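Asks: Residue numbers (the working numbering): 7 to 122.
Beta carbons: idealized from backbone N, C-alpha and C, even for Gly.
Please read these numbers as outputs of a predicted model, since none were measured by experiment.
This is the structure:
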């Protein structure tokens, strides 16, 4: 059984920065791809960034150049560094892990609010 626990959300002013963390219970090596998704009120959940075991990385066009995803296998943790935040980045951010067999897991989500 794998569990994902996010932290690091909060309220930040436009232009500010936040770093989200997702701690994986069990070995992160059991997960092929880790991703960060977000869901704003009234909108569908969307992929923000993902990173594979081999460090292949994808970003949504809306966050390229502002967000950075990384994984620390020794700490069983995936990070999302967010800079130059905009009001439209406001959403609940979810961590996702996909196993080699296709099974996937979600964290409980962490709220990010960008507002002055």
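1) Looking at C-beta atoms only, is the number of pairs between the segment 42 to 60 and the segment 79 to 91 that lie closer than 8 angstroms three or more?
2) To the nearest angstrom, how far is the alpha carbon of residue 70 from that of residue 32?
3) Looking at residue 25 and residue 14, is the spacing between their C-beta atoms short of 8 angstroms?
4) Please state the DSSP three-state secondary structure of residue 12.
5) Only counting runs of 3 or more residues, tell me where the beta strand (DSSP E) segments fall wholly within the segment 51 to 105, in order along the chain.
6) With 16 as the cutoff for other CB atoms within 10 Å, does residue 97 come out buried or exposed?
Replies: So, to answer that:
1) yes
2) 30 angstroms
3) yes
4) strand
5) 52 to 58, 63 to 65, 73 to 78, 83 to 88 and 97 to 105
6) Answer is buried; the Cβ neighbour count reaches 16.
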